[in-house]
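Take any residue in the sequence shown, note its place counting from 1, add 6, and you have its number in our numbering. For each residue, glycine too, the CB sits at the ideal point set by N, CA and C. As the structure is a prediction and not an experimental result, all values here were calculated from the model.
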Amino acid sequence: MPGDIVACHGTDWSSRVIRWVTAAPRGPCGLWLGPSHVAIISASDRGLLWVESTTQCLHPCEIQGRMVSGCQAHDPELRLQDYLAMGGYVDLYRLDPIHRLDGNEQLLLRDLLFRRLLAKGVEYDLKGALLSGTRLLRWLGLLPRANLQTLFCSELIAAVLMRLNRMNHANPSGYSPARLLRTLVALGKYERIVRWPAAPDMDRGSDDYLAALPGSCPAAVPHVAVGSAAGSQPASPDASGSELHLL
Numbered sequence: 007m008p009g010d011i012v013a014c015h016g017t018d019w020s021s022r023v024i025r026w027v028t029a030a031p032r033g034p035c036g037l038w039l040g041p042s043h044v045a046i047i048s049a050s051d052r053g054l055l056w057v058e059s060t061t062q063c064l065h066p067c068e069i070q071g072r073m074v075s076g077c078q079a080h081d082p083e084l085r086l087q088d089y090l091a092m093g094g095y096v097d098l099y100r101l102d103p104i105h106r107l108d109g110n111e112q113l114l115l116r117d118l119l120f121r122r123l124l125a126k127g128v129e130y131d132l133k134g135a136l137l138s139g140t141r142l143l144r145w146l147g148l149l150p151r152a153n154l155q156t157l158f159c160s161e162l163i164a165a166v167l168m169r170l171n172r173m174n175h176a177n178p179s180g181y182s183p184a185r186l187l188r189t190l191v192a193l194g195k196y197e198r199i200v201r202w203p204a205a206p207d208m209d210r211g212s213d214d215y216l217a218a219l220p221g222s223c224p225a226a227v228p229h230v231a232v233g234s235a236a237g238s239q240p241a242s243p244d245a246s247g248s249e250l251h252l253l
């Protein structure tokens, strides 16, 4: 549903480096090793879209109709399968009911993402992405000032959530994917509702922990179906366990 955050755990060397560099042994449950990439779900004239800032997507942007290095939008099913096909896994985080976006806020989310960012061709912030995982710079207050003319993945989402008043206002450049999710989960704003596929939780090293989570998925995900309109039910496997829906 609009406002959902998709946390992607890639298997390539850059994804592994991001996860380990931003690791935090005292982070919230399940986030000792954070994701390597994050995206946000928004409604659009084409249904729900996966909006992200990246340089590594091999598909043309649904809105701009071309390959993009920066802010872009895609069919959620297509991007989800990209990560599953290379052996990675994806977590879906949803706003707690008390913090869910109302109708006007969902429209504001659309405006921020599509009219103010994608329509302007906002490019990827490589320098910011590299510095966001550097704790020393953040602790010393030496992070570069916020610049929304270029954005990396978690910087994009942090800036949008601050505008929607779901995060305290701060420099969005200081949020790596892992730090963003740890902050949102620790504040009770977001919770993980599903994982595709049900890989062992790397923080726990045990399938038992994941199996106890509501909405856990079967280990094999042969097909993922994505809803085209906002709904109220969490993503979950159907009765046969062979199809998943992102509502």
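Status (buried if at least 16 other CB within 10 Å, exposed otherwise) for residue i
i	result
Gln3	For the chain, the structure presents residues 7 to 253; residue 3 sits outside this window and is missing.
Ala257	Nothing can be reported for residue 257, as the shown portion of the chain is limited to 7 through 253.
Met7	buried
Thr156	buried
Asp108	exposed
Thr61	exposed
Arg121	exposed
Asp117	exposed
Ala49	buried
Asp10	buried
Ala184	buried
Arg198	buried
His175	exposed
Leu119	buried
Ala125	exposed
Arg100	buried
Leu113	exposed
Limits of the unbroken beta strand (DSSP E) element including residue i
i	result
Ala79	Gly76 to His80
Cys14	Ile11 to His15
Thr60	Leu55 to Thr60
Arg198	Tyr196 to Trp202
Arg100	Tyr95 to Leu101
Residues near residue i by beta carbon distance below 6 angstroms, same chain, minus five either side
i	result
Gly94	His15, Gly16 and Thr17
Leu167	Met173
Tyr181	Ser160 and Ala164
Leu123	Cys77
Residues near residue i in its chain [Cβ-Cβ closer than 7 angstroms; skip 5 each side]
i	result
Ala152	Asn177, Pro178 and Ser179
Glu68	Arg52, Leu55, Ala79, His80 and Asp81
His105	Arg172 and Lys195
Val64	One point to set straight first is that residue 64 is Leu, not Val, in the sequence displayed. Contacts found: none.
Glu111	Leu170
Gly211	Residue confidence for Gly211 is low, a pLDDT of 37 falling below 50, so the modelled location carries little weight and cannot support an answer.
N- and C-terminal bounds of the alpha helix (DSSP H) containing residue i
i	result
Ala45	Premise fails: Ala45 lies in the beta strand (DSSP E), His43 to Ser48, not in any alpha helix (DSSP H).
Arg5	Look at the range of the chain in this structure, 7 to 253, and you will see that residue 5 is not part of it.
Val5	No information on residue 5 is available, as it lies outside the stretch 7 to 253 that the chain covers here.
Gly109	Gly109 to Arg116
CB contact check: residue i to chain D, cutoff 7 angstroms
i	result
Asp117	This model lacks chain D altogether; it includes just one protein chain.
Cut-off 8 angstroms between Cβ atoms - residues of its own chain near residue i, not counting five sequence neighbours on either side
i	result
Pro66	Arg72, Met73 and Val74
Val96	Val12, Ala13, Cys14, His15, Leu86, Tyr89, Leu90, Arg201 and Trp202
Ile47	Met7, Pro8, Gly9, Asp10, Ile11, Val12, Leu54, Leu55, Trp56, Val57, Pro82 and Leu252
Ser59	Gly76, Cys77, Gln78, Val128, Tyr130, Asp131, Leu157, Phe158, Cys159, Glu161 and Leu162
Asp102	Gly194, Lys195, Tyr196 and Glu197
### Query
Is it true that the stretch 77 to 94 meets the stretch 180 to 190, where meeting means three or more beta-carbon pairs spaced less than 8 angstroms apart?
Because the criterion of three Cβ pairs below 8 angstroms is not met, the stretch 77 to 94 and the stretch 180 to 190 do not touch.
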